[in-house]
Structures are given as structure tokens and as C-alpha cells.
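Let me begin by presenting the structure, written as C-alpha cells, before commenting on it.
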Amino acid sequence: MAFSPAAKRYNWRVVWLSLIYACLLIAAAYGFKHELVPNAFAYIVAVLPALPIIGIFAAIGRYLVEEQDEYVRMLMVRQTLWASGFALSLATAWGFLESFDLVGHWDGYWVAVAWFFGLGIGALANKLTLGETGSGC
Amino acid sequence: MLMENHLRVLRATRAWSQQDLAQRLEVSRQSVNAIETGKYDPSLPLAFRIAELFELPIEEVFVSPARHSSKAI
């Protein structure tokens, strides 16, 4: 399946942001582990790995704006709706389970992981209902 | 309720493949297939582009759901 120009740009953005994320995560983990991060900068350094992930969310938004093929764009919108529904439902249910001390604590960033997993569920839903997964995003 | 259309027949009369039509409309083959098979209703601008490409009024390409259901009655 050929990628649209917008999908190609999106894929490149995600590749670069993923690389930046890996670098920042390793650097932050190394810095905290070896106590190289001054207290004054601790909050900033801790948030650094989140920025490329936020960037990926922005890249998806940008893709939806740039994609000229309305059907392919609709497939991606459906995927993001599935992802949002899945991640929010999981986070809500987990929150209550955690409140009643039935499960252990999960760090908040797992919601983002669940959301990306939900994109896969959305692609599967597209495949089952429309016969197309989407643009490959 | 999705609209019915005559896209497959119109495309066949011109011996165009889905890919040919997609290139002329500047959309993906997926889009043409989805519209043809009634899985997706195009936006009004795309519907007009399709009608203009075939040099037909829009209602000769797409079947009005209201007219279609009244005929069914």
C-alpha cells in the first residue's frame, strides 16, 4: 500500500521523535541513577522524556490536518477514537481497582502506552468493519 | 444510512481501473473502493469532483437516500 505524502511525513516525524525519546530517556535515567541532576533541574530533566511522546500526539494531529485523502483520514480518526476510548476506559477501571487496593500502582505514562496499543485495536476494528486498517500509521 | 452510487458502472464504461479513477480524483485507490462498495459516503466536494469528472449531474452518480427509500416503499 502506497503512503500518502502526509503519511510519509508523519512516519518520519514519529521515527525521529522515537529516537529523541530513547536518547532523552536513557540520559534522564542515567542522570538520576548517578545523581548527576541538580535538584533545581530535577523536574525539568524528569519531564524531558515525555516531550517527544507529546510530540507524537502532536504529529498525529498534524497528520490529520495534512492528510488530503478524506477516507484515509477518516480511518485514522476512527483509530484515534478507539485508542482514546480504550486508554481512558482502562485508566478509569484501573484507577478504581487501585483505589480499593485490589491492584498495584501504575505510573501515569502507561496511559500513553495503552493509547498507542489502542491505535492497533482501532486498526483491527477498521479491518473488520471496512476491510482496511488505515494509512499504516 | 449510506448512499448507493453508480460509480462502478460509470468507471466500467470508461474502462478505468480503480487506480485510474483514484489518480484522476487525486485520492487513494482505497477511497475509490470504499465509495464504490458503499462503505463510505464522500464529502460533498469530492462527490462534485466525481460527478464533474464523469460530466454528469451529481444525482446521476449518487442515489438520494430519500428517493431510494421512497421507491422501496
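Listed in order, the protein sequences are those of chains A and B.
Residues in the first sequence are numbered consecutively from 1043, following my numbering.
Residues in the second sequence are numbered consecutively from 1146, following my numbering.
Ideal Cβ positions, reconstructed from N, Cα and C, are used throughout, including at glycine.
Here the structure is a predicted model, which means the values were calculated and not measured.
Counting only Cβ-Cβ distances shorter than 8 Å, please list the residues of the region 1180-1214 of chain B near chain A, keeping chain order. Those would be Ile1180, Lys1184, Tyr1185, Pro1187, Ser1188, Leu1191, in chain order.
Would you check if the distance between the CB atom of Ala1064(A) and the CB atom of Gln1121(A) is smaller than 8 Å? For Ala1064(A) and Gln1121(A), no; Cβs fall outside 8 Å.
Between the C-alpha atoms of Met1002(A) and Val1177(B), what's the straight-line distance to the nearest angstrom? Coverage of chain A is limited to positions 1043 through 1179, which leaves residue 1002(A) absent and any answer about it impossible.
Would you say Asp1111(A) lies against chain B (beta-carbon separation less than 8 Å)? It does: the Cβ of Asp1111(A) has a partner Cβ on chain B nearer than 8 Å.
Can you give the Cα-Cα distance for Ile1163(A) and Ala1125(A), rounded to whole angstroms? Ala1125(A) has its alpha-carbon roughly 7 Å from the corresponding atom of Ile1163(A).
Of all the alpha helix (DSSP H) runs that stay within the bounds of the region 1070-1152 of chain A, which reach a length of 4 or more residues? You should have 1084-1089, 1092-1108, 1112-1141.
So with CB distances below 9 Å, who are the chain B contacts of Glu1077(A)? Neighbours of Glu1077(A) on chain B: none; closest Cβ ~53 Å, over 9 Å.
In or out: Leu1166(B) buried (at least 16 other Cβ within 10 Å) or exposed? Buried, because 16 or more other Cβ atoms sit within 10 Å of the Cβ of Leu1166(B).
Same chain only: Cβ atoms within 8 Å of Thr1175(A), ignoring 5 sequence neighbours per side: If the five residues before and after Thr1175(A) are omitted, its C-beta is found closer than 8 Å to the C-beta atoms of Leu1117, Ala1165, Leu1166, Asn1168, Lys1169, all from its own chain and listed in chain order.
What does Ser1089(B) reach in chain A if we use C-beta pairs closer than 8 Å? Outside the displayed range of chain B (1146 to 1218) lies residue 1089(B), so it cannot be described from this structure.
Could you spell out where the alpha helix (DSSP H) holding Leu1170(B) opens and where it closes? Annotation: the continuous alpha helix (DSSP H) that includes Leu1170(B) extends over 1163-1170.
Determine, using beta carbons only, whether Leu1061(A) and Ile1098(A) come nearer to each other than 8 Å. Their beta carbons are not under 8 Å apart, which means Leu1061(A) does not touch Ile1098(A) by this criterion.
Check the C-beta distance from Pro1187(B) over to Ile1195(B) and give it rounded, since I have them as a contact under 8 Å. Contact between Pro1187(B) and Ile1195(B) holds: their C-beta atoms lie close to 7 Å from each other, under 8 Å.
At the 8 Å Cβ level, is Ser1176(B) part of the contact set with chain A, yes or no? Put simply, the CB of Ser1176(B) is near chain A, with a gap under 8 Å to one of its CB atoms.
Applying a beta-carbon distance threshold of less than 9 Å, which residues of chain B neighbour Glu1174(A)? Residues of chain B passing the Cβ test: Gln1175, Asn1178, Ala1179, Lys1184.
With which residues is Glu1149(B) paired in a DSSP beta bridge? BP columns for Glu1149(B) point to Val1208(B).
What separation, rounded to the nearest whole angstrom, lies between the Cα atoms of Arg1174(B) and Asn1053(A)? The C-alpha of Arg1174(B) lies about 20 Å from the C-alpha of Asn1053(A).
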